[in-house]
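Straight run, no breaks: the sequence shown in full-length UniProt numbering ends on number 442. Just so it is clear, CB atoms sit at the ideal spot from N, CA and C, and this is done for glycine as well. Written out below as structure tokens is the structure these notes cover.
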Amino acid sequence: MRGFLGITGHFILDWAMKSVMICCKRFKGRHTAESIRSEYEEVVTSFEIGFKIAAIVSDNASNMVKAFSIPGFDDFKVDHESSDEEIDDVDKEIEDDQSDDLHLSDCLPKHSRCFAHTLQLVVKDGLKDCSPHLKTVITKASNIVSFVRKSIIASEILEDYKRLQAANATRWNSQLHMICSVLNVPELELDKIDCKTKLSSYERKLLSELCTILEPFDKATVLVQGEKTVTASLPIPVTLGLKHQLKLISVDYNCKMIKSLKSSVEERLFQFVEDEGYILASFLDPRFKTRWCETEQIDQCLAVVKDKLSQVPTSSEPPCDQNSPPCKRAKNDDLFSFMPAPSVERKRNPSGISVSSEMDDYLSDNCIDMSKDPLLYWHSNCQRLPRLAKLAVQYLAIPATSAPVERLFSTAGKTFRPERCRLADGTFEKLMMVKCNGKMLK
1 MRGFLGITGH
11 FILDWAMKSV
21 MICCKRFKGR
31 HTAESIRSEY
41 EEVVTSFEIG
51 FKIAAIVSDN
61 ASNMVKAFSI
71 PGFDDFKVDH
81 ESSDEEIDDV
91 DKEIEDDQSD
101 DLHLSDCLPK
111 HSRCFAHTLQ
121 LVVKDGLKDC
131 SPHLKTVITK
141 ASNIVSFVRK
151 SIIASEILED
161 YKRLQAANAT
171 RWNSQLHMIC
181 SVLNVPELEL
191 DKIDCKTKLS
201 SYERKLLSEL
211 CTILEPFDKA
221 TVLVQGEKTV
231 TASLPIPVTL
241 GLKHQLKLIS
251 VDYNCKMIKS
261 LKSSVEERLF
271 QFVEDEGYIL
281 ASFLDPRFKT
291 RWCETEQIDQ
301 CLAVVKDKLS
311 QVPTSSEPPC
321 DQNSPPCKRA
331 KNDDLFSFMP
341 APSVERKRNP
351 SGISVSSEMD
361 DYLSDNCIDM
371 SKDPLLYWHS
381 NCQRLPRLAK
391 LAVQYLAIPA
401 TSAPVERLFS
411 TAGKTFRPER
421 CRLADGTFEK
431 LMMVKCNGKM
441 LK
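What follows is the structure, given as structure tokens:
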């Protein structure tokens with residue numbers, strides 16, 4: 001087994017999201033915070049991009065969080081449970097005295113935890129408090145799927161229905177999809193297969209209720225892991241949407257699980273709601289602006305934007321490409337039902353706080369539909385709102401999750417297959433660079 005370090009870069013060019021692989025290199029030795037930090041600095045120095053980095057997003061492993069934290073000024077408690085199965089090869093035992101050895105860079109980019117990983121921890125918290133009987137029923141559903149996928153006769157009986165989906169160890173929602181695929185097959189049809197494991201009507205109700213509870217979390221997970229769409233603006237509305245959905249769900253058997261999920265959303269996800277970078281991104285997304293804000297939050301949001309806007313030179317205007325990028329269609333989601341509908345009428349600044357004319361003009365525009373691409377709005381308005389557009393380029397480009405790096409490692413696994421196990425480290429890095437960045441040459 002070999003260790004690798006993957007770094008991807010994300011930016012907005014001609015008002016379209018772009019992603020590149022910066023490195024996927026062999027990482028020898030212990031994966032301590034100091035080693036990770038050192039490798040990161042070596043990479044950004046070699047590419048001369050250190051001054052261009054607005055934020056660093058990584059998974060929630062303690063060594064990753066510590067590597068990009070300013071010693072003595074950690075915003076949030078390091079969670080040693082936060083690494084999942086995908087990163088179990090990482091050495092999580094970090095010595096206490098390492099924090100004294102970490103040196104502070106001249107300009108340390110802000111570090112953000114992966115929203116998807118944190119969301120997964122919330123779900124795990126909820127599943128810990130589900131009833132023991134429910135865990136047994138989930139196992140029964142898994143056994144049914146395993147039997148059908150191995151039996152030709154059973155597969156033929158159910159061929160008129162969608163293929164039953166198997167769960168995997170690395171994605172929590174694959175287990176949910178597995179359960180839903182079983183429930184999508186009528187009970188009478190399942191009884192036709194020669195499987196010793198059967199689900200009673202009561203057990204199907206238990207599973208159906210579980211699917212209802214976790215469906216919003218599944219939608220949120222899929223939504224925030226996009227790579228070609230804006231995701232930085234999603235953590236705050238998604239968090240508030242999940243909180244709202246949990247209030248609406250009525251259950252008969254899993255009340256304790258609902259209570260645990262509510263508590264975990266507050267404890268784990270509300271750090272994103274208070275994050276300045278995500279506040280700015282949500283405001284700069286014309287689908288949201290201040291729609292997600294409670295009345296008392298609007299002043300705080302506008303004050304943050306006003307402060308950042310004052311730091312943008314008035315003469316600086318982002319380039320506007322003449323060709324509009326294609327609109328990325330996004331499925332309208334019930335997660336955002338807690339927000340008021342975009343007003344048909346043009347509204348001025350909803351707060352009493354003094355704002356610039358540019359901010360006032362932006363707030364006067366109607367929010368765009370959730371299915372629209374926010375970058376298309378900025379493409380059309382970058383000359384009218386040049387300073388806000390410059391902030392949008394910076395904050396909307398930040399990914400909400402570390403999913404792009406996980407996709408990078410998936411590509412690396414296919415490249416570094418068994419018959420290529422003797423590839424030299426340098427050759428492997430070059431192959432990955434061509435494979436992942438070849439599209440940029442077109």
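Cys23 lies in the beta strand (DSSP E); which residues open and close that run?
-> Residue numbering aside, residue 23 sits at position 23 when the sequence shown is read from its first letter. It spans Ala16 to Arg26 - the beta strand (DSSP E) in which Cys23 sits, taken as one unbroken run.
Excluding the 5 residues preceding and the 5 following Thr239 in the sequence, name in chain order all residues of the same chain whose CB lies nearer than 8 Å to its CB.
-> Counting from 1 along the sequence shown, the entry for residue 239 is found at position 239. Once the five neighbours on either side are set aside, the close Cβ partners of Thr239 are Val265, Leu269, Phe270, Phe272 and Val273.
Mapping DSSP to helix, strand and coil, what is Val312?
-> On the sequence shown, residue 312 is found 312 positions in, with the first residue counted as 1. If DSSP states are grouped into helix, strand and coil, Val312 belongs with coil.
Look up Ala55 in the DSSP assignment and say whether it is helix, strand or coil.
-> Looking up residue 55 in the sequence shown gives position 55. Three-state result, Ala55: strand.
What's the C-alpha gap between Arg163 and Ile249?
-> As a first step, residue 163 is located in the sequence shown; it is residue number 163 there, counting from the start. As a first step, residue 249 is located in the sequence shown; it is residue number 249 there, counting from the start. Those two C-alpha atoms are separated by around 29 Å.
Go ahead and pull the three-state DSSP assignment for Ser337.
-> For this step, residue 337 is matched to residue 337 along the sequence shown. DSSP places Ser337 in coil when its eight states are reduced to three.
Based on the DSSP secondary-structure assignment, which residues constitute the bridge partners of His10?
-> Here residue 10 corresponds to residue number 10 of the sequence shown, with the count starting at 1. In DSSP, His10 forms a bridge with Ser19.
Rounded to whole angstroms, how far is the Cβ of Cys382 from the Cβ of Lys289, which I believe are closer than 8 Å?
-> Taking the sequence shown and counting its residues from 1, one reaches residue 382 at position 382. Taking the sequence shown and counting its residues from 1, one reaches residue 289 at position 289. The Cβ separation is near 17 Å, so there is no contact.
Which of helix, strand or coil does DSSP assign to Leu5?
-> Residue numbering aside, residue 5 sits at position 5 when the sequence shown is read from its first letter. Of the three classes helix, strand and coil, the one that applies to Leu5 here is strand, per DSSP.
Tell me, please, whether the segment 368 to 379 touches the segment 401 to 410 by the rule of three or more beta-carbon pairs shorter than 8 Å.
-> no
Straight-line Cα distance separating Glu358 from Lys124 = Counting from one through the sequence shown, the residue named residue 124 turns up at place 124. Counting from one through the sequence shown, the residue named residue 358 turns up at place 358. One C-alpha to the other measures close to 44 Å.
Quickly, what does DSSP pair Val113 with across the bridge? List them, please.
-> Residue 113 sits at position 113 when you count from the first residue of the sequence shown. Looking at the sequence shown, residue 113 is not Val but Arg. Partner(s): Ser58.
Considering only C-alpha positions, which residue in the set Met440, Lys439, Met433 and Val148 is nearest to Ile22?
-> Mapped onto the sequence shown, residue 22 falls at position 22. The shortest C-alpha separation from Ile22 is found at Met433.
Secondary structure at residue 443, three-state DSSP: helix, strand or coil?
-> The first residue shown for the chain is 1 and the last is 442, placing residue 443 beyond what the model contains.
Own chain residues within Cβ distance below 7 Å of residue 447, not counting five before or after = No information on residue 447 is available, as it lies outside the stretch 1 to 442 that the chain covers here.
Would you report the Cα separation of Val148 and Lys192, rounded to the nearest angstrom?
-> By one-based count along the sequence shown, residue 148 stands at place 148. By one-based count along the sequence shown, residue 192 stands at place 192. Spanning the two alpha carbons is a distance of roughly 11 Å.
Report the residue from Leu375, Ile298, Pro286 and Leu280 whose alpha carbon sits nearest the alpha carbon of Ala54.
-> For this step, residue 54 is matched to residue 54 along the sequence shown. Of the residues Leu375, Ile298, Pro286 and Leu280, the one whose Cα lies closest to the Cα of Ala54 is Leu280.
Contacting residues, own chain, Cβ-Cβ under 6 Å from Val230 (five flanking each side not counted) | Indexing the sequence shown from 1 puts residue 230 at position 230. Sequence-distant partners of Val230 (beyond 5 residues in either direction) whose C-beta falls short of 6 Å from its own C-beta, in its chain, are Pro374 and Leu396.
Going by Cα to Cα distance, which pick from Asp361, Val20 and Ile12 is closest to Lys439?
-> Here the question's residue 439 lines up with position 439 in the sequence shown. Minimum Cα distance to Lys439 is reached at Val20.
Can you tell me the Cβ-Cβ gap for Val224 and Phe115, rounded? I've got them flagged as a contact below 8 Å.
-> Numbered from 1 along the sequence shown, position 224 holds the residue referred to as residue 224. Numbered from 1 along the sequence shown, position 115 holds the residue referred to as residue 115. Right, the Cβ-Cβ distance comes to about 5 Å (below 8 Å), so this counts as a contact.
How many angstroms separate the CA atom of Phe409 from the CA atom of Gly6?
-> Taking the first residue of the sequence shown as position 1, residue 409 is located at position 409. Taking the first residue of the sequence shown as position 1, residue 6 is located at position 6. If I take the Cα positions, the gap works out to 7 Å.
Give me the Cα-Cα distance between Pro342 and Lys259, rounded to the nearest whole angstrom.
-> Here residue 342 corresponds to residue number 342 of the sequence shown, with the count starting at 1. Here residue 259 corresponds to residue number 259 of the sequence shown, with the count starting at 1. Those two C-alpha atoms are separated by around 32 Å.
Can you give the Cα-Cα distance for Lys140 and Leu441, rounded to whole angstroms?
-> In the sequence shown, counting from the first residue as 1, residue 140 sits at position 140. In the sequence shown, counting from the first residue as 1, residue 441 sits at position 441. Rounded to the nearest angstrom, the two C-alpha atoms are 50 Å apart.
Is the segment 178 to 191 touching the segment 300 to 315 in the sense that three or more CB pairs, one from each, lie closer than 8 Å?
-> no
Could you check the C-alpha separation between Asn63 and Lys28 for me, to the nearest Å?
-> Here residue 63 corresponds to residue number 63 of the sequence shown, with the count starting at 1. Here residue 28 corresponds to residue number 28 of the sequence shown, with the count starting at 1. Going by C-alpha positions, Asn63 is about 15 Å away from Lys28.
Reduced DSSP category for Thr427 - H, G, I as helix; E, B as strand; rest coil | For the purposes of this step, residue 427 is taken as residue 427 along the sequence shown, with counting starting at 1. Helix at Thr427.
Using the C-alpha atoms, what's the distance from Gly241 back to Lys262?
-> Position 262 of the sequence shown, counted from the start, is the residue given in the question as residue 262. Position 241 of the sequence shown, counted from the start, is the residue given in the question as residue 241. Lys262 and Gly241: Cα-Cα distance of roughly 12 Å.
Inter-residue Cα distance where the pair is Gln175 and Tyr161 = Here residue 175 refers to the residue found at position 175 when the sequence shown is read from its first residue. Here residue 161 refers to the residue found at position 161 when the sequence shown is read from its first residue. Roughly 19 Å between the two C-alpha positions.
Whose CA, out of Pro216, Ala220 and Ile179, lies closest to the CA of Leu206?
-> Here residue 206 is taken as the residue at index 206 of the sequence shown, counted from 1. Measuring from the Cα of Leu206, the nearest candidate turns out to be Ile179.
Which ranges would you report for the alpha helix (DSSP H) in the segment 190 to 256 if only whole runs of at least 4 residues count?
-> 201 to 224 and 235 to 248
Same chain, Cβ closer than 6 Å to Leu431, neighbours up to 5 away in sequence not counted | Residue mapping note: residue 431 aligns to position 431 of the sequence shown, counting from 1. Result list for Leu431: Thr415, in chain order.
If you drop the 5 nearest sequence neighbours on each side, which residues of the same chain put their C-beta closer than 6 Å to that of Gly50?
-> Here the question's residue 50 lines up with position 50 in the sequence shown. Only Val44 meet the Cβ criterion.
Can you give me the Cβ contacts of Phe336 inside the same chain, cut-off strictly under 7 Å, excluding the 5 residues immediately before and after it?
-> Taking the first residue of the sequence shown as 1, we reach residue 336 at position 336. Only Pro237, Gly241 and Met370 meet the Cβ criterion.
Can you give the beta carbon distance from His111 to Ser69, rounded, assuming they're within the 8 Å contact cut?
-> The residue labelled residue 111 in the question sits at position 111 within the sequence shown. The residue labelled residue 69 in the question sits at position 69 within the sequence shown. Contact flag correct, Cβ pair sits at about 6 Å.
Looking at Ala169 and Ser142, is the spacing between their C-beta atoms short of 9 Å?
-> Taking the sequence shown and counting its residues from 1, one reaches residue 142 at position 142. Taking the sequence shown and counting its residues from 1, one reaches residue 169 at position 169. With a cutoff of 9 Å on beta-carbon distance, Ser142 and Ala169 are scored as not near each other.
Just curious, the alpha helix (DSSP H) that residue 444 is in, first and last residue?
-> For residue 444 there is no data in the structure shown, the boundaries of the chain being 1 and 442.
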